[in-house]
Structures are given as structure tokens and as C-alpha cells.
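Colleague: Have a look at this one.
Residue numbers (UniProt numbering): 1 to 138.
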């Protein structure tokens with residue numbers, strides 16, 4: 001095993017242990033794929049985005065140790081993107097939301113970047129995103 005593969009495996013194991021413990025917390029829901037989420041603030045909308053919609057969101061992304069790797073909140077600018085062009089955890093999770101809702105997603109590495117490192121995100125990382133769905137643009 002190369003150093004990168006070992007590091008990714010270590011990250012995956014830490015993430016799996018975190019998710020195993022996290023799923024027992026009150027309010028945390030686990031989907032069939034292993035995505036976990038917790039509603040932080042109910043929304044006011046009634047429509048859920050489809051995978052082909054473009055959405056506008058604010059988000060704050062951290063690793064399981066609390067390290068911030070990206071945050072539209074810190075930049076003070078929401079971001080818009082088509083839901084079918086992001087990591088699988090977002091493509092699955094954001095359509096569970098309605099406008100105005102804030103959700104914390106706990107995304108296993110297989111629904112994130114897998115064995116690839118991305119910027120400040122080590123390979124094999126479980127990711128945590130606080131997401132506020134601002135607008136759905138069909």
C-alpha cells in the first residue's frame with residue numbers, strides 16, 4: 001500500500017467510527033446510502049429541488065476534527081450550482097431540503113471525494129456540511 005492509500009484508509013476508518021457513533025445521536029437520520037443528516041432549522045418552502053435543478057446555498061464545510069476546508073458563509077457569498085454536478089452526498093441530500101431549511105450533512109468518503117485529496121481535504125475523508133437552501137432555480 002502506498003502512503004496515500006494508507007492515509008486514505010486511515011481517514012476512512014476514522015470516518016466510519018465517527019459515523020457509527022454519530023448515527024445514535026438524537027435527530028440524526030441515516031439514509032440507505034450511509035448519508036447522515038440533521039435538520040438544524042426547518043424551512044418555509046414546500047418544494048424540494050430535483051437533481052437537475054440549480055440551487056443557491058450557503059454552506060460551511062468541515063472535516064470530522066473541526067478543520068474548516070471551505071465556507072461560503074465565511075466568504076459572505078452564497079454559491080449556485082446544478083445539483084447533478086456536485087459530490088454524491090449533496091446530490092442525494094439537498095433534494096431532501098426545502099427553501100429556508102438548514103441541514104447538517106455527514107457525508108461518508110464514498111459519497112464525497114473517495115480516495116482523492118481535494119485542496120484541504122485529505123483522501124478518504126468524511127465531510128460535514130452545514131447547508132442552508134436559499135433558492136431553487138428549476
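C-beta atoms are modelled at their ideal positions from N, C-alpha and C, and glycine is treated no differently.
For a test of the three-state rule: what should DSSP assign to residue 98, helix, strand or coil?
Modeller: Numbered from 1 along the chain shown, position 98 holds the residue referred to as residue 98. Coil.
Colleague: The beta strand (DSSP E) with residue 38 in it runs from where to where?
Modeller: One-based indexing of the chain shown puts residue 38 at position 38. Here the beta strand (DSSP E) through residue 38 covers 36 to 41.
Colleague: Does residue 132 come out as helix, strand or coil in the three-state DSSP assignment?
Modeller: On the chain shown, position 132 is the one that residue 132 refers to. It is a strand residue.
Colleague: Just the Cα atoms here: how many angstroms apart are residue 31 and residue 94?
Modeller: As a working mapping, residue 31 is identified with position 31 in the chain shown. As a working mapping, residue 94 is identified with position 94 in the chain shown. Roughly 13 Å separates the two Cα atoms.
Colleague: Where does residue 75 land, buried or exposed, given buried means 16+ other C-beta within 10 angstroms?
Modeller: Counting from 1 along the chain shown, the entry for residue 75 is found at position 75. Here residue 75 is exposed, its C-beta having fewer than 16 other C-beta atoms within 10 Å.
Colleague: Could you say if the segment 47 to 57 and the segment 69 to 88 meet the contact criterion of at least three C-beta pairs nearer than 8 Å?
Modeller: Inter-segment contact for the segment 47 to 57 and the segment 69 to 88 is present: three or more beta-carbon pairs are separated by less than 8 Å.
Colleague: When DSSP builds the beta bridges, which residues end up paired with residue 137?
Modeller: Here residue 137 is taken as the residue at index 137 of the chain shown, counted from 1. Bridge partners of residue 137: 54.
Colleague: Is residue 91 helix, strand or coil by DSSP?
Modeller: Working through the chain shown from its first residue, we reach residue 91 at position 91. In this structure, residue 91 counts as helix in the three-state DSSP scheme.
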